[in-house]
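For the sequence shown, the residue numbers in my numbering are 27 to 557.
Virtual Cβ for every residue (Gly too), placed ideally from N, Cα, C.
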Amino acid sequence: MTPSLALLDDPLPSAALFDPSVDLGPAAVFRGPEDLVRFYRASAGTAPLLVVTNREPVVWKGEGCLSLPPGGVSQTIHRLLSRTGGRWIALRDSGGPDGLRVPGEEGDPGYRLDRMEIPPALMEGHYAGFSNGVLWPFFHDEPSRISGSVEDLAAYREVNRRVAARILESLRETSPALVWVHDYQMALVGREMRRMGGSLPPLAFFWHIPWAAMPAGEGVPRWLGEIVTGLLSYDQVGFQTEIYRDRFLETVFALFGSRATWDGETLSVALEGGIRRLHPGVFPISIDPDHFRMMARDPANLLRARLFLEDLGLDAAASPGGYLVSVDRLDYSKGFLERLDMLEALYALDPSLLGQLSLLQVAPSTRLSVDAYRRYAEAAESRAAEINRRYSRGGWRPVVTVSRSLDPSLLAPLYRLSRGCLVTATRDGMNLVAKEFLASQDGGSSPLFVSRHTGTAMTMEGLSLIDPADPALSARIIHEGLCLDPLRRQRKNLEALAFLREHNVYRWMASNLARPLLSSSLRPGSLARPA
Ligand code: F6P
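Below, the structure is given as structure tokens:
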């Protein structure tokens, strides 16, 4: 099936979008979910998309009641599937039946969600043990935090095998245009599907986290070859930045030597079963900036944010110089300790900020079943308490921590009302908080300070870069940024916003899907037929 131009009743400004060239042209425009749906229909017709994630896209709240978790990317995929139909397979993390029909709005077909029940001990080994005890610290350059056992790796393999078996089961009922698997928890699913055999639709994968540089000699873990070979089983593996993609290629060359070749588009590797060919692509993930702009401007949201700040003692009377904001899961890769060092260095640099400018940290705890996370949470809390003991005066506190996640409709005005945003990750695949902040400024002049170790810093120009490894230097950059002429800061923010409006999450999704959808539509006896 060739992409059908007839499906376009309202052509977009760019023909490049529907040109069956493999990559989206730079001129392709995605103004919102409508354009993404149109793109999908034009590329895949009525063939559904099958999405696979570790977490579910909806939370089951009881009979007939589903709520949407705040995660932006999964919500974008959810919106596409709700409109086009499709199937989603995820490990269960709330109650309710195994199979759920997630309804679409106003006559949209909705999609089927298959929720896989994994026994707790197996889940523990897969999630806390191998995914977050080994893969996460390894790929975030935190080798000293690696824990995990051979049993954890076995649990990871087994969960990936079960997910693969469930996908194959679903292929007997539906013929998707594409199977799209996400994230480091699922690296081996493609390999398991190929081992189980049968005819498969194209398999795409997106690696959301950084790819670490290949360690030298003794430092190469034994499991790395297995993860890499697992990824070679997909037809496309997406990375956030060129740096991560290139490090992946370097790892492949280090492991496979002359058996691997790369022509700039296709990676070919001679494996026992034959030659595997795949496209390692670069697709920097993004947000829906217009959604954040709207939420940040909304008077009811702004009022709620002001009341929230008053409750925290961060209103203009209690904290006259306002607050810097940071929003992260309480994860060691987000640089909490480094951020607090920066704050202290900033107060040392300019003591007039004491009693004036606070740090508001939104820091929900995460992955507490992993020792390294528990220990880190304790260390971050005690460091914040120490700074508060040392510098608090009257009713003013330098660090205000909110230990739960906040709804985006509250976060957006909190970003807008802040004096600036600190993103201090020591390693981060992308960092969407930085993008959410810039979108919420929407003409405002509060600056973003973003760690140079984030995908955002690597893929956007004109940002003020800080380095969590050098808190004193970062404090100077923050101070300069706060003192900069507001008009210059506003111009910088507007330029960043213009970039984000073009490179939004809809474009991200379409660019991920374009090549594999095209290959399925050109394949003889294609599976991309009506569901
Ligand atoms: O960034 C990687 C990632 O897996 C995201 O996809 C996810 O939103 C986040 O980490 C949260 O992780 P968890 O599911 O372990 O809470």
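- Between Lys461 and Thr482, the C-beta gap is smaller than 8 Å, which places the two residues in contact.
- With respect to the 8 Å criterion, Leu338 and Ser444 are not classified as neighbours on the basis of their beta carbons.
- Within a 10 Å sphere around the beta-carbon of Glu132 sit fewer than 16 other beta-carbons, which makes this residue exposed.
- The Cβ neighbour count for Ser472, taken over all protein chains shown within 10 Å, is at least 16; the residue is labelled buried.
- Taking a C-beta distance under 8 Å as the contact criterion, Tyr66 and Thr102 do not qualify as a contact pair.
- The criterion of a C-beta distance shorter than 8 Å is not satisfied by Gln382 and Pro439.
- Ranked by Cα distance from Ser312, the options His104, Cys91, Val459 are led by Val459.
- A residue is called buried once 16 or more other Cβ atoms fall within 10 Å of its Cβ, and Pro145, having fewer, is exposed.
- Straight across, the Cα-Cα distance linking Arg419 with Leu275 is about 53 Å.
- Note: Ser352 is bridge-paired with Gln387 in the DSSP secondary-structure output.
- Val388 sits away from Val99, with the two beta carbons spaced by 8 Å or more.
- A Cβ-Cβ contact shorter than 8 Å links Tyr260 with Leu304.
- Contact annotation, Gly361 with Thr452: C-beta distance approximately 5 Å; criterion of less than 8 Å satisfied.
- With 16 or more other CB atoms across the displayed protein chains lying within 10 angstroms of its CB, Pro315 is buried.
- For Gly112, the enclosing beta strand (DSSP E) has its first and last residue at 112-117.
- For Pro247, the closest C-alpha among the options Met219, Ile172, Glu89 is that of Ile172.
- Look at Tyr137 here: in three-state DSSP terms it is strand.
- Under the 10 Å beta carbon count, Val176 is surrounded by fewer than 16 other beta carbons and is classified as exposed.
- Assignment of beta-bridge partners to Asp454 by DSSP yields Thr480.
- Checking the DSSP bridge columns, you'll see Phe265 partnered with Val308.
- Closest option to Trp86, judged by alpha-carbon separation, among Leu539, Asp357, Asn158, Leu117: Leu117.
- Ranking His208, Val185, Ala242 by CA distance to the CA of Glu218 puts Val185 first.
- A distance below 8 Å separates the beta carbons of Ser384 and Val425.
- Under the three-state reduction of DSSP output, Ile253 falls in the helix class.
- With a cutoff of 8 Å on beta-carbon distance, Phe309 and Trp534 are scored as near each other.
- When secondary structure is reduced to three states using DSSP, Phe282 falls in the helix class.
- Taking the Cβ atoms as the reference, Val205 lies roughly 19 Å from Leu62, outside the contact range of under 8 Å.
- With a cutoff of 8 Å on beta-carbon distance, Val84 and His208 are scored as not near each other.
- With respect to the C-alpha of Asn158, the residue from Gly174, Ala147, Glu143 having the closest C-alpha is Gly174.
- Cα atoms of Pro377 and Leu474: separation of roughly 22 Å, rounded to the nearest angstrom.
- Per DSSP, Ser500 is not a residue of any beta strand (DSSP E); the alpha helix (DSSP H) it occupies stretches across 497-509.
- Taking every protein chain shown into account, the CB of Asp397 has fewer than 16 other CB atoms within 10 angstroms, so this residue is exposed.
- With a 10 Å radius around the Cβ and a threshold of 16 neighbouring Cβ atoms, Asp468 comes out buried.
- Membership of Leu366 in the alpha helix (DSSP H) is indicated by the continuous run 362-375.
- Residue pairing by DSSP places Thr79 opposite Ala116 in a beta bridge.
- Short of 8 Å from the beta carbon of Leu520, and not among the five residues preceding or following it, lie these beta carbons of its own chain, in chain order: Gly469.
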